[in-house]
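Residue numbers (the working numbering): 33 to 597. Heads up, the beta-carbon is just placed ideally off N, CA and C, and yes, glycines get one too. Owing to the predicted nature of the structure, the values given are computational and were not obtained by experimental measurement. Single-structure report; data block below.
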RNA sequence: CGGGGUGUAGCGCAGCCCGGUUAGCGCGCAUGCUUCGGGAGCAUGAGGCCGUGAGUUCAAAUCUCACCACCCCGACCA
């Protein structure tokens, strides 16, 4: 490729809509342009990176016997109604009607469509197991698209599905996918952490997420540097020591206008950890209120909460008032036995606590969890904070922001049962097929690779996904010898199918260097008059931090060496 | 959806408070001359429904209202 006729619209200034490094880089280097919130055009340079990533994914999927499909994006409402997701996907699904008024959607994922194919064309245990995948555009009407390509409404997903006759088979399919994922992320140059996660709307049992540590991410993981325990915050646990306290009688105290933990704690001169934080949530299925209790210095994690309660929402202040007779800030389950209570385990058996009195301007002290509150279930609902002890080995935990690049699920029979995908076993007995689901966000891989390899002005791409492996930079193409040498090297590399780009523009050196920095080829050959006088050419192996002047006669040999390692 | 912010030339911004000539600056773009190993210098030039609509006014980029778009922070996901 020649820069002179390539479309690579670089930008000197950072577009103001971009805050995170990958977004800035992609706009400045001319990889993408925004079309709508969360919808981007991918320009030639960006497309080269994405196709490289897809190529790696295809190779690794093929390697484990997973076969590529191409499924429709347009999908009928019927199918989604059968699986129950026409409703549960809610607003996140793009919906439309055809000219006859038939309801359809733009598929946000493809469990249903694959399961439908299985249900039609797989009959026997002899046909199983199968692993299928596709790399396809997905549409999700995200509540808030953001962070460049990290959270968008139209994106490429590699989604794979496994179909097995028994649980052990699913375990094996899952293992194969998991290992393929690790290879994919290694080849794309990402350092991933595999964490336990919540399966959320997908349903199913076990699942793990592949996370790249980055401050630009919008996920939080907890991990133990010692034993390797790692989990998404939404399922993470820790082992905080209980503080028991002494037995005291319950006593009502005046706490005028002290509504927050900080206020009450300061006013009564009692540590926040001695307070009980009582929150009221309304469960969506039966519309009943529930009390959620955590220690005063802790936060409730709504992800964990939903895992226990199902869908729920914080109660409105009026609802709290009606339930307890007091304003938010003065409430607790003390004396309200008819309301269900879920409490964090570190409160279990503790005493001498402070809680709301269910009367405005009053709290109660001397609360005894056992004596004064009837807890339905003790379960970890709190946000795990950094430095809390690991529940496995006791080491101080780390909490990090991450970007989710992959997610694998052991789905089980949720979709196959709903869609009637069954097989006959050796005895002619019918069983639902056991399914697994495995996703990768293709653009997110690109964004993550940038987050790790862009320093604000220059990019160095990982070799397997770089748009070009090597760039040739003749500094002054009007000088015959410079141009000739560049053209000669370019012709040679092209002949050998090396991914090469030649900046043959008659432009100033500074401009060409800056564009080369944004282009990010790991190998750069700088051909300038100054060095040429001494018979030298500059070879930069940027991903190895090497820069050397090599003799013209050694150039090709050195270049191929640089490309090889 | 709740909270915060921004819409003026392709990009980055000033002007708006306190209405009043042909709406400005930098970058980029075009042409010419000079320059030529890290986003050059000089000169000339093209490029604007001041987000949209309604209102107030003799007069609106500027004031009022509504709407729209985009960005950021929170709840969902690859």
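Can the beta-carbon of residue i be found closer than 8 Å to that of residue j?
i           : j           : result
residue 557 : residue 521 : yes
residue 373 : residue 307 : no
residue 395 : residue 285 : yes
residue 105 : residue 171 : yes
residue 344 : residue 316 : yes
residue 85  : residue 292 : no
residue 471 : residue 190 : yes
residue 479 : residue 181 : yes
residue 390 : residue 363 : yes
residue 468 : residue 443 : yes
residue 46  : residue 56  : yes
residue 430 : residue 255 : yes
residue 447 : residue 147 : yes
residue 261 : residue 438 : no
residue 514 : residue 561 : yes
residue 154 : residue 455 : yes
residue 453 : residue 108 : no
residue 466 : residue 206 : no
residue 339 : residue 313 : no
residue 530 : residue 594 : no
Going by other Cβ atoms of all chains shown within 10 Å of its Cβ, with 16 needed for buried, is residue i buried or exposed?
i           : result
residue 566 : exposed
residue 131 : exposed
residue 330 : buried
residue 418 : exposed
residue 578 : exposed
residue 259 : exposed
residue 144 : buried
residue 138 : buried
residue 361 : buried
residue 600 : Outside the shown range of the chain (33 to 597) lies residue 600, about which nothing can therefore be said.
residue 487 : exposed
residue 301 : exposed
residue 548 : buried
residue 60  : buried
Select from the options the residue whose C-alpha is nearest the C-alpha of residue i.
i           : options               : result
residue 605 : 216, 132 and 239      : Since the first residue shown for the chain is 33 and the last is 597, residue 605 is missing from the structure and cannot be characterised.
residue 18  : 185, 77 and 573       : Outside the modelled stretch of the chain, which goes from 33 to 597, sits residue 18, for which no answer is possible.
residue 209 : 264, 98, 462 and 135  : 98
residue 503 : 489, 487, 523 and 367 : 523
residue 412 : 182, 309, 192 and 271 : 271
residue 289 : 312, 261, 388 and 213 : 388
residue 53  : 227, 229 and 246      : 246
residue 103 : 134, 141 and 82       : 141
residue 294 : 450, 327 and 433      : 327
residue 399 : 464, 244 and 309      : 309
residue 461 : 568, 156, 437 and 531 : 156
residue 342 : 321, 353 and 70       : 321
residue 196 : 214, 175, 173 and 158 : 158
residue 40  : 70, 91, 546 and 212   : 546
residue 496 : 540, 597, 544 and 451 : 597
residue 62  : 587, 43 and 71        : 43
residue 163 : 432, 149, 175 and 335 : 149
Between residue i and residue j, which are expected to be in contact by the criterion C-beta below 8 Å, what is the C-beta distance as a whole number of angstroms?
i           : j           : result
residue 415 : residue 333 : 5 Å
residue 385 : residue 277 : 7 Å
residue 505 : residue 535 : 5 Å
residue 264 : residue 297 : The Cβ separation is near 30 Å, so there is no contact.
residue 100 : residue 165 : 6 Å
residue 397 : residue 279 : That belief does not hold up - the Cβ atoms of residue 397 and residue 279 are roughly 13 Å apart, past 8 Å.
residue 244 : residue 435 : 5 Å
residue 222 : residue 477 : 7 Å
residue 405 : residue 366 : 6 Å
Please indicate yes or no: does the CB of residue i lie closer than 7 Å to some heavy atom of the ligand FMN?
i           : result
residue 314 : This structure simply doesn't include the ligand FMN, nor any ligand for that matter.
Identify the residues that DSSP records as bridge partners of residue i: which are they?
i           : result
residue 505 : 558
residue 401 : Per DSSP, none; premise fails for residue 401.
residue 470 : 192 and 440
residue 112 : Answer by DSSP bridge pairing: none, since residue 112 is not bridged.
residue 251 : 434
residue 428 : 421
residue 344 : 315
residue 170 : 187
residue 242 : 226 and 438
residue 136 : 108 and 128
residue 464 : 454
residue 321 : 314
residue 486 : 491
residue 65  : 73
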